[in-house]
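Remarks on the structure that follows.
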Amino acid sequence: MEEILFGIGISALAGALATVAGAAEDTESDIGSQGDPNSQVQLAPQMGYVHRIYNKAISGEPPAYGLWVALAAGIAWALMAIQYNAILALIIGSAVAVFVQGVYATTAYLGRTASLAKFEQPVYIDILKSVTTVTMAHAFVAVFTTVTMCFLIIEALGHPFPLPLMGLVWGIALGAAGSATGNPFYGKERQYQNYPFGAGLPISASGDIVRYAEAGQRSSLDNGWFTSKGAGPASGICFGLIVFFELWRTILFEPFAAGWGAVIAGAVIIIVFMVIDRMVETWARKTYGPYTTAEAVTEEEATA
Amino acid sequence: MTVKIEASEGGMDHNVMLGIGLVGALVCIYLVYLNTLMSTEVFAFFGGLAAIIALWWGTDSIKNLCSYGLGTGVPSAGMIALGSGVVAMLFATKLAGISPLLVPVGCVVVAAILGAILGFISDKVLNMNIPVMTRMIAELTVVGSLTTLGFTAMVAGTFSFGDLITGATSVFGVEIASYASSVIGGCVLATIFMLGAIAIQHPFNACLGPNESWDRTQMCAIECGALSMIVIAIMSLAFLSLPAVVISFVISIILWGWSYSELIKLSKRDAFAWLDSQPIREVGGEQ
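Protein sequence lines, in the order shown, are assigned to chains A and B.
Numbering follows my numbering, in which position 61 of the first sequence is assigned residue number 41; successive positions increment by one, without gaps.
The number in my numbering is simply the position in the second sequence, starting from 1, with 315 added.
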C-alpha cells in the first residue's frame, strides 16, 4: 500500500512538472512562430506583407524538443556518470541544451529572412536580440521540467530506460502535445483574428497575417502574452494529463493479469477521452457556429 | 500552400562535394584510430570533424532532393538519413571483431546498400517519382551513418563495438566495468542521433527561399556541425580523460565561433536590409 501511495505521489509530481513543461513549451514555440504557424509567417512577405514576427524554423516541434530534452538528458547523464550532484547535472544539462536552442533559433531567423530579400523583407536585428532570449528562457523552463520528470520516473519509479533515451521519448511527446494543442490558438486564430472566428483559411487570405497591434506593430513577444493566457495552459493540461495517466495506470493496474491490466486501463482511458473530445467538439460547433461551405477551404500546412 | 523552394544556382558541383565529403569524413574517422595505435585519447576530436564534413556534403544532398517541392519533407529527409544511418553504423562497428580498420569503410558500404533499397522503395513502390530520390536517399544514409560514427568516435574515442558497450563506473572509488555506463548502454547514442538529425536538415530548412545562396547554406551546415561538436565534447567527459575533453572542447568552440561569425556576415550580405529597431517597411501588399 505504501509503495502504491509513493508511486501515485511521484505520478502527481511528474504530472505537475509536465503541466509546467507543456505551458512553457507552447509559449516558447508561439513566440518564435515554430511549427505550423510558421508557414504563414514565411509566406506573408511573399504576398507583400512585410512583418516583424520571429521566424524560428527549426524542423517541427516534436523533433526539435526531442533534441533539446535528449541533449539536456545526455549531458546530465554524462555529468552524473562522473559523480556530479544530480540536481546540478540536470541544471547544467538544461542550460547547455537551451544555449544550443538559442543558436539554432538565431540561424533559422537569419537564414529564412535573408532568403526573402527578393520580397524586400529586412532583417530586424532588434527582434533577434529581444525575442531570442525570451524563447530561450521559456525553453529552459520546458526542458528543465521535462528532464527532471524523466529523472524522477527513472530514479523513483524504477523505469529501466537510461536518461537520454527517456529524454528523447518524452521530448518528442512534449513537442507533439504543444504542437497539436497549442498551435491552433495562434496559427489558426491569432494570426487571422481580422477574419471571422473559425472561418478557416481561404487561399485569398494566405499570408495576410495580423502585423499591427493595438499600438504600433505586433511583436512576437505579444504572442507570448497571448499564449500564456489560452494556448499555453491548454498544452500544459494536455501534456500533464498524458504523463499523469500514463504513470497512474501503470502503477495501479500493472499487477493485474501479468501486466495486461495496465494495457487495458490505457485503452479504456483513450476511449473515455475520445468520447469527451467528441462532446466538447459538438458543443463548440453548436455554440460558435455556423460554418458555411464557402469558408470550408482550409490550409493544413506545416512547413518548418 | 507549399513554400516554393528554389535550389541556389552556382556553388560547387554536387559530385565534387560527394567526393570531398566521403573521402574527408573517412580520413578523419581513420585518424581517430590513432587513439588505439598510440594508446591515447586526444585524437577523439577528429570524429567530430568527420561529422562536420559529412554534414556539409549531406546538406547539398538534401537540397538536391528537396528542390522537387518537398517543403515539409526537409526535416523528414534528415530523420530518414539518421534513422537508417544509425542501423548501418551499429552493424559496421561490429566489424571491428574482424579488423577495426574495416569499420569506417564497412559503414559506408552497408549504408549505401541500405539507402539504395530505401530510396528504391520510396521512389518506385510508394510512387513518389522523384528522379534523384534513390541516389539522394542512398547518399543521405551514408551521410547519416558517417555522422553518427563520427560523433560516436568523438564521444568515446573509439569506434569498435566492444568498447562502445563497456563503460567504467566508479562505486566507492573502485572502477568496475558496466554496460549501463557505456555509450550504447547509456543511450548517449539517442542524443547523438537527434543532434545529427537536426543538424543535417537545419541548414537547408533554415536558409530556403528565393534568395538562398550556396555558400551561406553550406556555412550554416558547418556551424550546426561545430555546435553539435561542442555538446559532444561536454558529453565525452563521461568517457575520456580531461586533456582529451579539453582539446575537443577548445577546437569545437573555435570552429563554431568562426563559422557563426561568418554565417552572420553572409546573412548580412544577402539580406534585403539590416535594420535595428525600425518599423515595418510597407511594400504595398493587397491591403
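Even glycine gets a Cβ: it sits at the ideal position worked out from N, Cα and C.
Predicted model only: the values in this text are computed from it and were never measured.
Membership of I491 (chain B) in the beta strand (DSSP E) is indicated by the continuous run V489 to S493. Contact between G363 (chain B) and I569 (chain B) does not hold, since their C-beta atoms are separated by about 12 Å, which reaches or exceeds 8 Å.
Identification of residues in the region 524 to 537 of chain B having a C-beta nearer than 9 Å to some C-beta of chain A yields G524, P525, N526, E527, S528, R531, T532 and C535, given in sequence order. Contacts with chain A (Cβ-Cβ distance below 7 Å) from the region 358 to 376 of chain B involve no residue at all.
In terms of Cβ geometry, P415 (chain B) and S475 (chain B) form a close pair [threshold 7 Å]. Around F358 (chain B), the same chain offers L346, V347, L349 and N350 as residues with beta carbons nearer than 7 Å, after the five sequence neighbours per side are excluded. Judged by pairs of C-beta atoms under 8 Å, the region 225 to 243 of chain A does not touch the region 54 to 66 of chain A, as fewer than three such pairs exist. R92 (chain A) is positioned such that its CB atom lies no closer than 7 Å to that of N163 (chain A).
For C539 (chain B), the enclosing alpha helix (DSSP H) has its first and last residue at W529 to M550.
Under DSSP, V103 (chain A) shares a beta bridge with B:W589. S399 (chain B) is classed as buried because its beta carbon has at least 16 other beta carbons within 10 Å across all chains shown. R596 (chain B) counts as exposed, since fewer than 16 other beta carbons sit within 10 angstroms of its beta carbon.
Secondary structure at T467 (chain B): helix, using DSSP grouped into helix, strand and coil.
For Y84 (chain A), the CB contacts under 7 Å within the same chain, skipping 5 residues up- and downstream, are I38 in chain order. In the structure shown, the three-state DSSP call for A156 (chain A) is helix.
If you keep only unbroken beta strand (DSSP E) runs of at least 3 residues inside the region 190 to 272 of chain A, you get nothing at all. For M544 (chain B), none of the residues of chain A pass the 9 Å Cβ criterion, the least Cβ distance being about 11 Å. Within the region 126 to 141 of chain A, contact with chain B at the beta-carbon level (separation under 9 Å) is assigned to F141.
Rounded to whole angstroms, the gap between the alpha carbons of D6 (chain A) and L405 (chain B) is 35 Å. Interface annotation, I566 (chain B): not in contact with chain A, CB-CB separation never under 7 Å. Interface residue (Cβ-Cβ distance to chain B less than 7 Å): S95 (chain A) is classified as such. Per DSSP, the unbroken alpha helix (DSSP H) holding T(-1) (chain A) starts and ends at E(-18) to G12. Contacts with chain B at 7 Å (Cβ-Cβ) include S39 (chain A).
With contacts defined by Cβ atoms closer than 7 Å, A119 (chain A) and Q81 (chain A) form a contacting pair.
Where G54 (chain A) is concerned, the enclosing alpha helix (DSSP H) starts and stops at E41 to A61. Under the Cβ distance rule, R596 (chain B) counts among the residues neighbouring chain A, one pair being separated by less than 7 Å. Spanning the alpha carbons of F564 (chain B) and Q173 (chain A) requires a straight line of approximately 48 Å. Taking 7 Å as the CB threshold, F519 (chain B) stays off the interface with chain A.
Exclusion of the five residues before and after L108 (chain A) leaves T86, Y89 and L90 as the residues of its chain whose Cβ lies within less than 8 Å of its Cβ. Not one beta carbon of chain A lies nearer than 7 Å to the beta carbon of V498 (chain B). Residue nearest to E8 (chain A) within the set A:V111, A:L232, A:L181 and A:E261 is A:V111 (criterion: CA-CA distance).
Pairing V103 (chain A) with Q63 (chain A), the inter-Cα distance amounts to about 45 Å. Put simply, the CB of L552 (chain B) is near chain A, with a gap under 7 Å to one of its CB atoms. Any Cβ of chain B closer than 7 Å to the Cβ of G167 (chain A) would place that residue at the interface, and such an atom is absent. When the Cα atoms are used, Q516 (chain B) and M451 (chain B) turn out to be separated by approximately 14 Å.
The three-state reading of DSSP puts A136 (chain A) in coil, since its state is none of H, G, I, E or B.
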